[in-house]
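Below is one structure, written out as structure tokens, with a few remarks after it.
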Amino acid sequence: IMQIDNKKLLACGGDQSSRVQFAEYIQKNLALNRLRTGLELSNHATANFIRGEIARALRSRGAYQTNCLLASVTDEEGPGLYYLDYFGSLQKVDYTAHGYGAYFSLSLLDAQYAPNLKEEEGLQVIKNCCDQLCKRFLINLPKYMIKVIPADPNK
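Residue numbers (our numbering): -9 to 145.
What follows is the structure in structure tokens.
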């Protein structure tokens, strides 16, 4: 999970080299854009920038074999979650998962998600997903990293 700025996180899954290279490329280019213009891109603009870079790479010889989740919070737009696949498709979603864990997590997210969850309730839903993965997934994954983007920048 790469921190793009203090209000945006990019989670990438896929081939190790593509994942790391692409996440760093996006992070550095968004920082360069911020320095050039003095403006932060909105959630939607950031997602479309990432989609454009995936699509551009797909049409060249350097396609990235990575799926991405962009999570962000802005004062104007509120929270946003975007799913991008390695073909360059973009979808704004309320909840999602990717990789093998998605086979177990999406049904729980579908059943337990509500639009106005408090932070503690959201963390409990994620904990439930982690518990299911520990019980049902073939590979033992005892530790998980959860990153929260606070709506209040002073947190």
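A virtual CB, placed ideally from N, CA and C, is assigned to each residue, including glycine. Since the structure is predicted, the reported quantities are computational estimates derived from the model, not experimental observations.
query, result
"Residue span of the alpha helix (DSSP H) that contains lysine 125, given as start and end", "109 to 126"
"Backbone CA spacing between serine 32 and glutamate 67 [nearest angstrom]", "8 Å"
"Buried versus exposed call for valine 83 [16 or more other C-beta atoms within 10 Å across all chains shown]", "exposed"
"CA nearest to the CA of leucine 60, picked from Cys124, Arg49, Glu109, Leu74", "Leu74"
"Cβ contact check for the segment 48 to 63 and the segment 94 to 102: 3 or more pairs under 8 Å", "no"
"Where leucine 20 falls, given that 16 or more other Cβ within 10 Å makes a residue buried", "buried"
"Member of Ile44, Ala87, Gly112 whose CA lies at the smallest distance from the CA of glutamine 11", "Ile44"
"Secondary structure of alanine 141, DSSP reduced to three states", "coil"
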